[in-house]
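In what follows, a structure is listed as structure tokens, so that the remarks can point back to it.
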Amino acid sequence: MVDLSPQYDELKAETDAAVLRVLSGGRFILGDEVSAFEEEFSRYLGVARGVGVASGTDALVLTMMALGVGPGDEVLTTPSTFIATADAIARCGAIPVFADIDPATFNLDPSSVEERLTKRTRAIIVVHLYGGPAPVARILELAGSRGIPVIEDCAQAHGAAIGERRVGSLGTAATFSFFPTKPLGCAGDGGMVCTDDEDLAEKVRMLRAHGARRKYVHEEIGLNSRLDELQAAILRLKLGRLDKWNEARRRAARRYDDRLEGVTTPRVMEGAVHAYHLYTVRSPERDLLKARLDESGIASAVYYPVPVHLQPCFRHLGYRAGDFPESERAAAECLSLPMYYGIPSGHVERVCDTLNEALG
Ligand SMILES: *Cc1c(COP(=O)(O)O)cnc(C)c1O
């Protein structure tokens, strides 16, 4: 599915030197590399502030904590996402509320969002699933008129854009993961909160360090959640290649689009630029297709086989099969194909040949 070695091969000399520089500098937590990367990544996005944290999950938790989300609040999101989006809501003591998706893009359907808003909705988390931009503008209209903050979960969408603006610069705040396989990944765990709201950024900065602005003065109960210097040094180098690497994945995606027959290829929202963290097709014959790929020694994966509202950890919320038909149908039909920077064109052709033959 993924091979990260083309990224390392391309930056090996610089990466090795940067790691040695940090090791010999002897400063590992909250130093110059992290500040520089916070500056560079937020400038890349076009927002005022970035705060480096320990993971994409923590970025979500800290953003909601900083917004004052807590017990009794509802946070609305999509059931078609990685569990982290929803368990971060529960981790803050709030109640995850789901809305259904648009089957064409796998992302939240604004009309379903509108139906699920209540007086207790304290935030909306919009996920740009697989790297494909979600309709943030329409969701911002619904939220803005009610004063509800919108968090963009950009864990899969570094460098994706809508018109001239990158995702992550559109809502109240955005969260990123730098898990190794994400479009911008480090050599471990890492994350960031990005926002134009300086007070919100300051609050996240305080909460990531046990609620202290000054040493040993703890204004609030926070966490220990920091991006470290080694990861930041590596990420600074990779950020310089992000657009090029995303463009190469888009070329591979276009080849899949052109050659695949009989499956539904990903649709990109009009005016948007997809980051193709994953290249995900749909077919009612999904299980047969996956079996054929398995037999041919070709990797493929189902993201995500069980929609979040049907996960055992959310049983107590009382959702049932049938509550979000589009999300459930997507879970039954979706199949992600090999996609990474440096995927050999022969691999893409072989995947297409195998799938096209399987469907006769
Ligand atoms: C990966 C991911 C996260 C969590 O990021 P971690 O860094 O693994 O904690 C959150 N949301 C989505 C949509 C993700 O894909």
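So in the working numbering the end of the sequence shown lands on 1482, straight run, no missing numbers. We treat Cβ as the ideally placed atom computed from N, Cα and C, and that holds for glycine.
In this structure, DSSP gives F1446 a state outside helix and strand, which the three-state scheme calls coil. Burial of L1184 is indicated by the presence of at least 16 other C-beta atoms within 10 angstroms of its C-beta. Judged by DSSP secondary structure, A1334 falls within the beta strand (DSSP E) whose first and last residues are 1334–1336. One residue list follows from the rule of a beta carbon closer than 6 Å to any heavy atom of ligand 1, given in chain order as S1177, G1178, T1179, T1203, F1204, A1206, T1207, V1249, D1275, A1277, Q1278, S1299, F1301, D1311, G1313. Judged by pairs of C-beta atoms under 8 Å, the stretch 1448–1468 touches the stretch 1397–1408, as three or more such pairs exist.
Straight across, the Cα-Cα distance linking T1294 with R1149 is about 32 Å. Sequence-distant partners of A1370 (beyond 5 residues in either direction) whose C-beta falls short of 8 Å from its own C-beta, in its chain, are Y1463, G1464. Nearest to G1310 by alpha-carbon distance, out of P1427, S1157, L1357, is L1357. In its chain, beyond the 5 residues on either side, A1277, Q1278, H1280, H1399 have a beta carbon closer than 7 Å to the beta carbon of K1304. DSSP places T1207 within a helical segment (H, G or I) once states are collapsed to three. The beta carbon of E1236 is closer than 6 Å to those of L1264 in its chain, skipping five residues each way along the sequence. Around V1326, the same chain offers V1173, L1184, A1188, V1315 as residues with beta carbons nearer than 6 Å, after the five sequence neighbours per side are excluded. The stretch 1188–1207 makes no contact with the stretch 1335–1348; the number of CB pairs closer than 8 Å stays below 3.
Residue pairing for E1196: DSSP places it in a beta bridge opposite I1217, T1243. Of A1212, G1178, G1290, the smallest CA-CA separation from P1302 is found for G1178.
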